[in-house]
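Per the numbering used here, the sequence shown runs over residues 221 to 311.
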Amino acid sequence: MTAVDAARHLTGVRLLVLEILSAGGSLTRDGILTAWEERRPDLSPAHRVRLPRMRDETLWRLVNLGWVAGEEEMIRLTGDGEHVLRAALGR
């Protein structure tokens, strides 16, 4: 995937999840949700109720893009995911 293709698929929410996995290593789905809430303490109660669905939809898309992978209960960044994250953050 080229940088242009990656940028086309990289939304703010997807970037957030990639950053969470980069900082936390392999995490469970619940671990991702906890980290998301910690990074966004200003979320409204209505938004917090929607987070599990948003997390699952985001992870589904990231798996399909090949940027994250699941091993049993743990989810981790792939090499492609690390590359996309570094490019997005200008590293």
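Yeah, the Cβ is synthetic: ideal placement off N, Cα and C, and Gly gets one too.
Being a predicted model, the structure only gives us computed values, none of them experimental.
- LEU241 is a Cβ neighbour of LEU297, given a cutoff of 8 angstroms.
- For the pair GLY244 and GLU291, the Cα-to-Cα distance works out to about 15 angstroms.
- Residue burial annotation: TRP280 is exposed, with fewer than 16 other C-beta atoms found within 10 angstroms of its C-beta.
- With a beta-carbon spacing of about 7 angstroms, LEU305 and GLU239 fall inside the 8 angstroms limit used to define contacts.
- LEU297 carries a strand assignment under DSSP once its states are collapsed to helix, strand and coil.
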